[in-house]
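Student:
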Amino acid sequence: MNVVMLERVVSVIGAIIVAGTASVALRNDWRTPGLENQVFKGMLALLALGAVLAFFAAIGVLGRAP
Amino acid sequence: MAATTVEPVDQLYNETRDLRLSGFLLFMVSDLVLFSSFIFAYLYLRSSGQGWPPPGVSRLDTTFAALNSVVLFGSGATMHFALENWKHGKFMKYAGWLIATIVLGIWFLCGQGWEYAHIHAGWSNSGIFGASFFTLTGMHGFHVFCGVIFLTILLLQSVNGKYTQQKFFGLTAGTIYWHFVDVIWVVLFSIFYLL
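Going down the list, the sequences are from chains A and B.
The opening residue of the first sequence carries number 1 in the numbering used here; numbering runs sequentially from there.
The opening residue of the second sequence carries number 1 in the numbering used here; numbering runs sequentially from there.
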């Protein structure tokens, strides 16, 4: 396994874990009131989105190779 | 009926907490404006120029950036767990997750340094496009660096007993700051590596 393939595998596994945990945390906090929790919810949603983007970049669907 | 007494310090904390939260969020908004101005300048240049990257400049390494992004996004998740564990009084778990966040932040910075050192041919004289890339990612990296310092100070303060389960605004502010840094990277990662 070369370095690029290793980077891809680690990125894919990491992105799945991060997207999953962010989504679960978002679901658990969904009904919490207060300004700070609203901010956290928005940021967790964007974090999950970022992990999904990184997943697609790692498998080569988004972005292009150098 | 038993009367509940509130210490003056706690009362002051409760009364000013929302104000401090609003102030910190305003600070984040001002930072967002700073990033937005550079991001829109880059997008304007890109839409009116010769495309991205310019002729003679090789594309950025998306695979490595994806890995580095996952590291930073992972640190957002660990920071969230750190705050949740603090709220539930689990100090050791809190400390573990916070240390993990700091380590992942340092890992991201090392990754960015490695990328700068190994960036492909043509970037040294790539004009305003290269300047946009280095300015935005450098400014973000500086924010991550400040965040690492911020979180380290929070860790030391919490070890020294500055925060309680009722009074922990510093930890909330640290979490907001770290999530902000993550969210900015979602945008930068998208516009530089994916578009």
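All C-beta atoms in this analysis are idealised placements derived from N, C-alpha and C, irrespective of residue type, glycine included.
Keeping to the same chain, check which residues put their C-beta closer than 8 Å to that of B/MET1; ignore five residues upstream and five downstream.
Tutor: Within the second sequence, numbered from 1, the residue matching residue 1 of chain B stands at position 1. Because B/MET1 sits at a pLDDT of 44, beneath the cut-off of 50, its placement in the model cannot be relied upon, and the point is left open.
Student: Determine whether the beta carbon atoms of A/ALA58 and A/ALA22 lie at a separation below 8 Å.
Tutor: Position 58 of the first sequence, counted from the start, is the residue given in the question as residue 58 of chain A. Position 22 of the first sequence, counted from the start, is the residue given in the question as residue 22 of chain A. No, they are not a contact pair.
Student: To the nearest angstrom, how far is the alpha carbon of B/GLY89 from that of B/ILE149?
Tutor: Your numbering for residue 89 of chain B matches position 89 in the second sequence. Your numbering for residue 149 of chain B matches position 149 in the second sequence. For B/GLY89 and B/ILE149, the distance between alpha carbons rounds to 24 Å.
Student: Please check if any C-beta of chain B sits within less than 8 Å of the C-beta of A/THR21.
Tutor: Position 21 of the first sequence, counting from 1, holds the residue named residue 21 of chain A. With 8 Å as the cut-off, A/THR21 counts as an interface residue toward chain B.
Student: What residue from B/ILE119, B/THR152 and B/ALA77 has the CA that sits closest to B/VAL57's CA?
Tutor: Within the second sequence, the letter at position 57 stands for residue 57 of chain B. The candidate whose alpha carbon is nearest that of B/VAL57 is B/ILE119.
Student: What residues from chain B crowd round A/ARG8, counting only those whose CB sits closer than 7 Å?
Tutor: Residue 8 of chain A sits at position 8 when you count from the first residue of the first sequence. Those are THR63, listed as they occur along chain B.
Student: Taking only the alpha-carbon atoms, compute the straight-line gap between B/ALA100 and B/THR78 and give it to the nearest angstrom.
Tutor: On the second sequence, residue 100 of chain B is found 100 positions in, with the first residue counted as 1. On the second sequence, residue 78 of chain B is found 78 positions in, with the first residue counted as 1. C-alpha separation (whole angstroms): 7 Å.
Student: If I follow the unbroken alpha helix (DSSP H) through A/LEU53, where does it start and stop?
Tutor: As a working mapping, residue 53 of chain A is identified with position 53 in the first sequence. Here the alpha helix (DSSP H) through A/LEU53 covers 35-58.
Student: I'd like the list of long-range same chain contacts for B/PHE24, defined as Cβ closer than 7 Å, with 5 residues on each side in sequence excluded.
Tutor: Within the second sequence, the letter at position 24 stands for residue 24 of chain B. Excluding residues within five positions, the ones whose Cβ falls inside 7 Å are ALA173 and ILE176.
Student: When you compare only the Cα positions, how much space is there between B/ALA3 and B/THR135?
Tutor: If you number the second sequence from 1, residue 3 of chain B lands on position 3. If you number the second sequence from 1, residue 135 of chain B lands on position 135. Reliability fails at B/ALA3, whose pLDDT of 49 lies under 50, so the model's placement of it is uncertain and no value is given.
Student: Nearer than 7 Å: is that true of the beta carbon of B/GLN166 relative to any heavy atom of the ligand GDP?
Tutor: The ligand content of the structure shown is nil, which means the ligand GDP is not present either.
Student: To which residues of the same chain is B/LYS87 closer than 6 Å at the C-beta, ignoring the five residues directly before and after it?
Tutor: Taking the first residue of the second sequence as position 1, residue 87 of chain B is located at position 87. Excluding sequence neighbours, B/LYS87 sits near nothing in its chain.
Student: B/TYR163 and B/THR62: beta carbons closer than 8 Å?
Tutor: Residue 163 of chain B sits at position 163 when you count from the first residue of the second sequence. Residue 62 of chain B sits at position 62 when you count from the first residue of the second sequence. Their beta carbons are not under 8 Å apart, which means B/TYR163 does not touch B/THR62 by this criterion.
Student: Can you check whether the C-beta of B/PHE100 is within less than 8 Å of a C-beta belonging to chain A?
Tutor: On the second sequence, residue 100 of chain B is found 100 positions in, with the first residue counted as 1. According to the sequence as given, residue 100 of chain B is Ala; it is not Phe. Not one chain A Cβ lies under 8 Å of B/ALA100.
Student: What is the DSSP secondary structure of B/LEU26, reduced to helix, strand or coil?
Tutor: Within the second sequence, the letter at position 26 stands for residue 26 of chain B. Three-state DSSP puts B/LEU26 in a helix.
Student: Please identify the residue among B/ILE106, B/GLY170, B/PHE108 and B/ASN85 whose C-alpha is closest to the C-alpha of B/TRP97.
Tutor: Position 97 of the second sequence, counting from 1, holds the residue named residue 97 of chain B. Ranking B/ILE106, B/GLY170, B/PHE108 and B/ASN85 by Cα distance to B/TRP97 puts B/ASN85 first.
Student: Go through its chain and collect everything with a Cβ distance to B/ALA65's Cβ below 6 Å, but skip five positions before and after it.
Tutor: Position 65 of the second sequence, counted from the start, is the residue given in the question as residue 65 of chain B. The answer, listed in chain order, is TYR193.
Student: With a threshold of 8 Å between beta carbons, is B/TRP52 in contact with chain A?
Tutor: Stepping through the second sequence from its first residue, residue 52 of chain B is reached at position 52. Answer no: the Cβ-Cβ gap between B/TRP52 and chain A never drops below 8 Å.
Student: So which residues of chain A does B/PHE73 contact, with C-beta pairs closer than 9 Å?
Tutor: The residue labelled residue 73 of chain B in the question sits at position 73 within the second sequence. Going along chain A in sequence order, the residues near B/PHE73 (Cβ under 9 Å) are GLY14, ALA15, VAL18, ALA19, ALA22, LEU47, ALA48, GLY50, ALA51 and ALA54.
Student: Could you please give the first and the last residue of the uninterrupted alpha helix (DSSP H) stretch that includes B/LEU83?
Tutor: For the purposes of this step, residue 83 of chain B is identified with residue 83 of the second sequence, where counting begins at 1. Taken as a continuous stretch (DSSP letters only), the alpha helix (DSSP H) holding B/LEU83 covers 62-87.
Student: Against chain A, with Cβ distances strictly below 8 Å, would B/HIS179 count as a contact?
Tutor: Counting from one through the second sequence, the residue named residue 179 of chain B turns up at place 179. Interface residue, yes.
Student: On the CB-based measure, 16 or more other CB atoms within 10 Å of its CB, does B/THR137 come out buried or exposed?
Tutor: Locating residue 137 of chain B in the second sequence gives position 137, where the first residue counts as 1. When all chains shown are included, B/THR137 counts as buried.
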